[in-house]
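Note sheet for the following structure.
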Amino acid sequence: MFKYFITLQWKSFFRSASLGKSMAMKILMGFFTLYMLATLLMAGIGLFFGLEEAFPETDPLFLVSQYLVYWVFIELALRYFMQKLPVMDVKPLLTLPIDKSKIVHYVLGRSGVSVYNLFDLAFFVPFTIVLLLQGYPIVNILGWFLAMMGIVLSINYTNFLINKSDKALAVVLLFVVVLYALDYFDLYPVRAFFGSLFYGLYENPFLALIPVFLTITMYYVNYRFLRHGIFLDASLQQKTKEVATFDLTWTRRFGDIAPFLQLDLKLIWRNKRTKVQAFVSLAMIFYGLVFYTMEDFGLNSVMMVVVGILMTGIFLMNFGQFIPAWDSAYYSMMMSQNIPLRKYLEAKAGLIAVSVVVMFFLSIPYVYFGWEALAINFSTALYNLGINIPIILFFGSMNKKRIDLTKSPLGNMQGTGAAQFLVGIPLFGAPMLLYGVLSFLVSFEVALIALALIGILGFAFRKHLLDKITLLYGKRKYGMIAGFKERNG
Numbered sequence: 004m005f006k007y008f009i010t011l012q013w014k015s016f017f018r019s020a021s022l023g024k025s026m027a028m029k030i031l032m033g034f035f036t037l038y039m040l041a042t043l044l045m046a047g048i049g050l051f052f053g054l055e056e057a058f059p060e061t062d063p064l065f066l067v068s069q070y071l072v073y074w075v076f077i078e079l080a081l082r083y084f085m086q087k088l089p090v091m092d093v094k095p096l097l098t099l100p101i102d103k104s105k106i107v108h109y110v111l112g113r114s115g116v117s118v119y120n121l122f123d124l125a126f127f128v129p130f131t132i133v134l135l136l137q138g139y140p141i142v143n144i145l146g147w148f149l150a151m152m153g154i155v156l157s158i159n160y161t162n163f164l165i166n167k168s169d170k171a172l173a174v175v176l177l178f179v180v181v182l183y184a185l186d187y188f189d190l191y192p193v194r195a196f197f198g199s200l201f202y203g204l205y206e207n208p209f210l211a212l213i214p215v216f217l218t219i220t221m222y223y224v225n226y227r228f229l230r231h232g233i234f235l236d237a238s239l240q241q242k243t244k245e246v247a248t249f250d251l252t253w254t255r256r257f258g259d260i261a262p263f264l265q266l267d268l269k270l271i272w273r274n275k276r277t278k279v280q281a282f283v284s285l286a287m288i289f290y291g292l293v294f295y296t297m298e299d300f301g302l303n304s305v306m307m308v309v310v311g312i313l314m315t316g317i318f319l320m321n322f323g324q325f326i327p328a329w330d331s332a333y334y335s336m337m338m339s340q341n342i343p344l345r346k347y348l349e350a351k352a353g354l355i356a357v358s359v360v361v362m363f364f365l366s367i368p369y370v371y372f373g374w375e376a377l378a379i380n381f382s383t384a385l386y387n388l389g390i391n392i393p394i395i396l397f398f399g400s401m402n403k404k405r406i407d408l409t410k411s412p413l414g415n416m417q418g419t420g421a422a423q424f425l426v427g428i429p430l431f432g433a434p435m436l437l438y439g440v441l442s443f444l445v446s447f448e449v450a451l452i453a454l455a456l457i458g459i460l461g462f463a464f465r466k467h468l469l470d471k472i473t474l475l476y477g478k479r480k481y482g483m484i485a486g487f488k489e490r491n492g
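Each residue of the sequence shown is one higher than the last, beginning at 4 in this note's numbering.
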């Protein structure tokens with residue numbers, strides 16, 4: 004029966020009307036997969052020796068065990084965004100004499116051989132082989148490896164249960180942040196505690212049965228959940244859902260652009276792809292912890308400008324680069340109405356500006372690392388407000404590819420074109436070049452003041468710049484409308 008299901012999906016792929024597009028995407032993702040597998044393979048081989056050289060007095064396996072707790076929760080979060088659940092079209096099969104249990108076992112079995120599980124294997128298999136070659140006891144190492152595979156499969160099947168829950172994702176991310184904060188500020192020895200637990204799987208191989216039992220349990224829970232959910236009449240039932248409404252009357256204070264702001268806020272909250280963009284933007288505030296804690300990069304480094312631009316302007320990039328493609332489903336209707344294009348763009352610019360201000364205020368605690376960190380974030384925020392907002396709106400006039408907000412955000416490349424790759428050059432290249440030259444020739448302070456002044460200068464010419472961009476949108480209006488009507492574009 005499994006062979007029959009695989010044959011059906013194989014025929015479905017090759018008989019699809021969008022075979023060319025699917026094949027091109029499969030080839031592209033295939034190259035990316037090979038690259039990731041090669042990278043993880045090299046990491047699995049070299050990690051032991053790198054840790055042994057850097058920490059000669061500590062067992063490399065114990066060092067790895069200390070960070071496995073972060074790996075578990077971070078992988079859960081990544082799979083939430085990236086892993087597509089292997090859901091096949093079961094409705095036609097429900098009218099045939101096929102045991103529903105076999106359908107469910109096939110769906111769960113296919114997820115067990117997911118490429119994401121293969122990524123974990125690409126790391127743990129070579130790492131385990133290196134441990135064996137270095138003289139670690141065979142029984143202990145094999146027990147540890149079995150436990151790791153049990154944890155991987157448990158993560159896989161847990162993702163089935165939390166994939167549709169934003170609350171579960173928030174809990175996972177919050178747990179990672181809390182653990183990292185407790186460990187970083189020495190409030191609780193998180194790494195030491197969980198490191199001893201994971202290292203115990205090596206010291207006591209019989210404990211590997213715990214992750215194996217957990218895998219079986221998660222498989223059974225998923226089986227029960229899916230088995231009781233695939234009925235034909237369930238798919239025919241009219242689903243009722245209470246619509247969440249929000250009080251957006253506060254937007255009226257913004258005058259003529261208030262209706263557009265309300266539309267954008269509703270669009271962001273009611274569609275998963277835009278909601279994911281908003282959550283990713285908020286999570287980016289922790290990006291500074293990666294660089295501010297690294298001794299290789301000083302606070303005067305050019306890389307700190309990139310960090311400041313990203314932290315304060317991440318929503319500008321994630322959301323702004325697809326303006327006006329977010330509205331592609333009804334853009335032609337909007338353009339046929341008596342709607343001022345200038346007000347439409349002002350609303351987009353205003354929403355992005357608010358996000359930059361909010362992200363700057365969230366970045367203020369980085370003053371803990373020195374006043375330089377606060378100064379960098381402040382100057383880059385001004386630069387984003389004055390210069391990068393007009394730049395992102397200008398490149399938006401080149402967007403002609405439709406975005407279907409009903410599609411899953413997982414691996415979704417809709418709306419991506421040449422403009423999305425080119426926009427990074429002025430967004431990052433110009434401030435990096437300006438800061439690098441001035442900080443080298445004059446001083447760190449002068450370079451930051453220059454970034455801030457250029458941002459303020461952008462405010463001074465804001466009206467003129469928006470006028471020019473509005474004219475550009477007007478000239479390209481019909482090209483955009485035609486492009487947004489192409490559903491397979």
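Think of the CB as a built atom: it goes at the ideal place given N, C-alpha and C, for glycine as much as any other residue.
Keep in mind the model is a prediction, meaning the values are calculated, not measured.
Spatially closest choice to residue i from the options, by CA coordinates
{"i": "Y295", "options": "V279, M314 and S284", "result": "M314"}
{"i": "N380", "options": "R465, G203, Q324 and G316", "result": "G316"}
{"i": "E489", "options": "M338, L176, K404 and L135", "result": "K404"}
{"i": "G482", "options": "I392, L444, N341 and A328", "result": "A328"}
{"i": "Y38", "options": "I288, V75, L121 and Y70", "result": "L121"}
{"i": "V174", "options": "W147, A80 and L425", "result": "A80"}
{"i": "F65", "options": "L99, Y369 and Y202", "result": "Y202"}
{"i": "M362", "options": "F197, I288, G138 and M435", "result": "I288"}
{"i": "S157", "options": "A384, I395, G427 and L217", "result": "L217"}
{"i": "K103", "options": "R345, E375, Y226 and V308", "result": "Y226"}
{"i": "A378", "options": "V308, L44, L200 and L40", "result": "V308"}
{"i": "I326", "options": "I154, Y70 and T473", "result": "T473"}
{"i": "M221", "options": "V445, G153, K105 and A286", "result": "G153"}
{"i": "L285", "options": "F126, Y371 and N321", "result": "N321"}
{"i": "V426", "options": "L441, L444, F397 and V449", "result": "F397"}
{"i": "L204", "options": "A150, P192, L190 and F163", "result": "A150"}
{"i": "F196", "options": "Q69, L50, N303 and L176", "result": "Q69"}
{"i": "F372", "options": "N303, L99 and R465", "result": "N303"}
Cβ-Cβ separation, residue j to residue i (assumed contact under 8 Å), whole Å
{"i": "G461", "j": "G399", "result": "17 Å between Cβ atoms; not a contact."}
{"i": "Y334", "j": "I484", "result": "6 Å"}
{"i": "V279", "j": "F84", "result": "7 Å"}
{"i": "L475", "j": "I392", "result": "No, L475 and I392 are not in contact; Cβ-Cβ is about 15 Å, not under 8 Å."}
{"i": "A376", "j": "I260", "result": "Not quite, the Cβ-Cβ distance comes to about 34 Å (not below 8 Å), so this is no contact."}
{"i": "A125", "j": "L43", "result": "4 Å"}
{"i": "K480", "j": "M336", "result": "K480 to M336, Cβ: 13 Å. No contact."}
{"i": "G146", "j": "P208", "result": "3 Å"}
{"i": "I395", "j": "G323", "result": "4 Å"}
{"i": "F148", "j": "F51", "result": "Not confirmed; about 14 Å, so no contact."}
{"i": "V305", "j": "M435", "result": "5 Å"}
Reduced DSSP category for residue i - H, G, I as helix; E, B as strand; rest coil
{"i": "G138", "result": "coil"}
{"i": "E489", "result": "coil"}
{"i": "T473", "result": "helix"}
{"i": "E60", "result": "coil"}
{"i": "A20", "result": "Because the pLDDT at A20 is just 46, under 50, the model does not fix this residue reliably, and the point stays unresolved."}
{"i": "R276", "result": "helix"}
{"i": "I367", "result": "helix"}
{"i": "Q241", "result": "With a pLDDT of 45 at Q241, under the threshold of 50, the modelled position of that residue is not reliable, and the figure given next carries that caveat. In the structure shown, Q241 sits in coil (DSSP, three-state: anything other than H, G, I, E or B)."}
{"i": "R465", "result": "helix"}
{"i": "Q340", "result": "coil"}
{"i": "D186", "result": "helix"}
{"i": "M483", "result": "helix"}
{"i": "G373", "result": "coil"}
{"i": "N166", "result": "coil"}
{"i": "L313", "result": "helix"}
{"i": "I3", "result": "Outside the shown range of the chain (4 to 492) lies residue 3, about which nothing can therefore be said."}
{"i": "S117", "result": "coil"}
{"i": "F322", "result": "coil"}
{"i": "N391", "result": "helix"}
{"i": "V110", "result": "helix"}
Extent of the continuous alpha helix (DSSP H) run through residue i
{"i": "A195", "result": "V193 to E206"}
{"i": "P214", "result": "L212 to R230"}
{"i": "K404", "result": "First-last for K404: undefined, no H or E at that position."}
{"i": "Y73", "result": "P63 to M85"}
{"i": "D330", "result": "Per DSSP, D330 belongs to no alpha helix (DSSP H) and is neither H nor E."}
{"i": "R273", "result": "A261 to R273"}
{"i": "V426", "result": "Taken as a continuous stretch (DSSP letters only), V426 belongs to no alpha helix (DSSP H), as it is neither H nor E."}
{"i": "L292", "result": "Y290 to Y295"}
{"i": "M287", "result": "Looking at the DSSP string, M287 is not in any alpha helix (DSSP H), and its letter there is neither H nor E."}
Residue i CB to nearest heavy atom of the ligand MN below 7 Å
{"i": "R465", "result": "Absence of the ligand MN is noted for the structure shown, with no ligands found whatsoever."}
The stretch 111-124 in contact with the stretch 180-190 per 3-pair CB rule at 8 Å: no
Stretch pair the stretch 311-327 + the stretch 422-438: three plus CB contacts closer than 8 Å: yes
At least 3 beta-carbon pairs within less than 8 Å: the stretch 68-76 vs the stretch 212-230: no
Three or more C-beta pairs below 8 Å linking the stretch 139-152 and the stretch 257-267: no
Given 8 Å, three or more beta-carbon pairs between the stretch 366-385 and the stretch 455-470: yes
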